Amino acid sequence: MSIVGHLINGELVADNNRTQDVFNPATGVAEKQVALASKQTVEQAIAAAQAAFPEWRDTPVIKRARVMFKFKELLEQNVDQIAKLIGQEHGKISHDAAGEIQRGIENVEFACGAPELLKGEHSRNVGPNIDSWSEFQPLGVVAGITPFNFPAMVPMWMFPLAIVCGNCFVLKPSERDPSSTLFIAQLLKEAGLPDGVMNVVNGDKEAVDVLLSDQRIKAVSFVGSTPIAEYIYATANANGKRCQALGGAKNHAIVMPDADMDNAVNQLLGAAFGSSGERCMALSVAVAVGDKAADTLVEKMSTAMQGLSVGAYDTPSNDFGPVITCQHKDKVVGYINSAEQQGANIVVDGREPNVEGYDNGFFVGATLIDSVTPEMESYKAEIFGPVLQVVRVKTMDEAMKLINDHEYGNGTCIFTRDGEAARYFSDHIQVGMVGINVPLPVPVAYHSFGGWKRSLFGDLHAYGPDGVRFYTKRKTITQRWPSSGVREGVSFSFPS
Ligand code: NAD
670 MSIVGHLING ELVADNNRTQ DVFNPATGVA EKQVALASKQ TVEQAIAAAQ AAFPEWRDTP
730 VIKRARVMFK FKELLEQNVD QIAKLIGQEH GKISHDAAGE IQRGIENVEF ACGAPELLKG
790 EHSRNVGPNI DSWSEFQPLG VVAGITPFNF PAMVPMWMFP LAIVCGNCFV LKPSERDPSS
850 TLFIAQLLKE AGLPDGVMNV VNGDKEAVDV LLSDQRIKAV SFVGSTPIAE YIYATANANG
910 KRCQALGGAK NHAIVMPDAD MDNAVNQLLG AAFGSSGERC MALSVAVAVG DKAADTLVEK
970 MSTAMQGLSV GAYDTPSNDF GPVITCQHKD KVVGYINSAE QQGANIVVDG REPNVEGYDN
1030 GFFVGATLID SVTPEMESYK AEIFGPVLQV VRVKTMDEAM KLINDHEYGN GTCIFTRDGE
1090 AARYFSDHIQ VGMVGINVPL PVPVAYHSFG GWKRSLFGDL HAYGPDGVRF YTKRKTITQR
1150 WPSSGVREGV SFSFPS
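All residue numbers in the sequence shown are consecutive under the working numbering, ending with 1165.
Structure (structure tokens):
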């Protein structure tokens, strides 16, 4: 069985350490193994990055950007290959994987603008013959730790920008679907990136803990579940590192009585069940305002769901694939069971889907649960599966209170035809990314991505303008050149 290794100093290596199975979630068969890096292996990657840093930092920014232009081209030429690797290990349908890669490429495009992004700030004559400016200098070696659900896109939220800003990078991707990430990192070498600037170590907690404690790592970007995000943030901070740690979510859509219901149903289908609901921006709760809206929504939704098809990644007519592991399937089904036991109404039941030819795959069918209440376990937790829950409320304020009271604050959306209601919603909702008739309001690459409350630990959001600030430190220089020597004598006070 092949072993997915690491990329250190431009070379593919596998240590003789522990390994873990990598499954094809559609067949349920372990088709590969991934090497789990030891402390020593991670330290080798950090040392390679540290050694590459001085030269890379001093490489003119336009030359660093040129590597990104070439990298973008290579990504575009290899979309099918990357999508296939994602499909084999994640289960994502090829058209959805291609969409993920495209969103990653957009972050590379943003990174291509580094000469403009890193210009800094300049003020002339802040005092007599005194000029002052701020530069944005790279931090050194920085690390990224990423989740299974976007093995191509989420790493590309991080390393293109970090690298183009002059840093060197050590990436620890998800051990559940490591191949597409490793493949992408190899393209950087082909694009002309010097060895050591980008390194990938596969692994688990053992590898992560080295990244969190090693003094050579100056900053950590993390994306994953909230308990781990909180641990990463606290540990990185305690060790004096800059950290942004993006966590889990529970994204609600308010469906107002005046909404275009057919449009809302169409949008909710993709946003709730696309990628098997394994998106941190998935809409997993529809809050219907008024029983009439709720009845119409549930009826139209359940009819539309009959047309959905769950299956393997390489059949393009499938709408979504399996969930990531057998254990995760059990967890999703467990939440559906608990909702049923706690009195909710299972309108469309995906617990036992029939996927012909894939009897051992980790499939869960699209599931619709009505009359869910905030006390239910299934409401409180992030299910991360193809499950849409409907909560019935009487007023928009009641709907907004539900959202504002929830521990997560990643994304949300309102379906309405009323501009004033939409404006009130976006003004007062305690969530970082808001959609008005847009179900998945994922910011484009030239804005920044991040939730509020327990969906993000840290000050700066991921990628875009916040990403540039995260991966650089400001240095402010104040300069004066006296006309001939020091003629004015000494002053002990601030000039007034
Ligand atoms: P996860 O938290 O299990 O794993 C994320 C990363 O952390 C992986 O690289 C993993 O190896 C590592 N890790 C796991 N346990 C660890 C431990 N005890 N100590 C140190 N490192 C550890 O998340 P996942 O299951 O891979 O991804 C799904 C989660 O990610 C969901 O909660 C989802 O909402 C979240 N997510 C959030 C965003 C966002 O932008 N907010 C985006 C994508 C995914």
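Virtual Cβ for every residue (Gly too), placed ideally from N, Cα, C. Predicted, not measured: the structure shown is a model, and the values here were computed from it.
8 Å contact criterion, which residue i and residue j should meet: CB distance rounded
i, j, result
"Ile814", "Ile901", "7 Å"
"Pro820", "Val673", "In fact, because the Cβ distance is near 11 Å, the residues do not count as touching under 8 Å."
"Gly1054", "Ala695", "No, Gly1054 and Ala695 are not in contact; Cβ-Cβ is about 16 Å, not under 8 Å."
"Leu808", "Val1137", "Not really, about 12 Å apart at Cβ, beyond 8 Å."
"Asp1135", "Ser1117", "4 Å"
"Ser1047", "Ala1008", "4 Å"
beta-carbon residue i near the ligand NAD non-hydrogen atom, thresh 7 Å
i, result
"Ser894", "yes"
"Asn868", "no"
"Ala957", "no"
"Thr850", "no"
"Pro824", "no"
"Ser624", "Here the chain has residues from 670 to 1165 only, and residue 624 is not among them."
"Ala941", "no"
"Tyr900", "yes"
"Asn686", "no"
"Phe1031", "no"
"Val877", "yes"
"Ser843", "yes"
"Asp873", "yes"
"Phe838", "no"
"Thr1081", "no"
"Glu1051", "yes"
"Thr1085", "no"
"Phe1139", "no"
"Pro1110", "no"
"Phe1118", "yes"
"Phe989", "no"
"Ile1038", "no"
"Pro1151", "no"
"Asn818", "yes"
"Ala812", "no"
CB contact check: residue i to chain E, cutoff 8 Å
i, result
"Gln689", "Annotation note: the requested chain E is absent from the structure, which comprises a single protein chain."
Span of the alpha helix (DSSP H) around residue i
i, result
"Asp1018", "It is not in any alpha helix (DSSP H) - Asp1018 carries neither H nor E in the DSSP assignment."
"Ala1090", "1088 to 1097"
"Ser1047", "1046 to 1049"
"Gly1133", "1133 to 1139"
"Ser1117", "Segment: none, Ser1117 is in no alpha helix (DSSP H) and carries neither H nor E."
"Val1033", "Val1033 -> no alpha helix (DSSP H), and no H or E assigned at all."
"Trp725", "708 to 727"
"Pro784", "783 to 786"
Residue i, DSSP secondary structure in three states
i, result
"Gln884", "coil"
"Ala928", "coil"
"Met974", "helix"
"Cys949", "coil"
"Asn807", "Per the sequence presented here, residue 807 reads as Pro, with Asn not at that position. Reduced to three states, the DSSP call for Pro807 is strand."
"Val1111", "coil"
"Ala957", "strand"
"Lys858", "helix"
"Met1065", "helix"
"Leu662", "Absent from the model: residue 662. The displayed extent of the chain is 670 to 1165, so no value can be given."
"Val979", "strand"
"Asp690", "strand"
"Asn747", "coil"
"Cys837", "strand"
"Ser890", "strand"
"Thr1085", "coil"
"Asp873", "coil"
"Gln1011", "coil"
"Cys912", "strand"
"Thr1145", "strand"
"Leu938", "helix"
"Ser763", "helix"
"Asn920", "strand"
"Tyr1077", "strand"
"Asp1072", "It is worth fixing the name first, because residue 1072 is Ile in this sequence and not Asp. Here Ile1072 sits in helix by DSSP."
"Ser801", "strand"
"Phe819", "coil"
"Ala695", "coil"
"Leu1129", "coil"
Start-to-end residues for the beta strand (DSSP E) that takes in residue i
i, result
"Asn906", "Segment 895 to 907 is the alpha helix (DSSP H) holding Asn906; no beta strand (DSSP E) there."
"Asn794", "790 to 796"
"Val869", "867 to 869"
"Met1102", "1102 to 1105"
"Glu700", "698 to 705"
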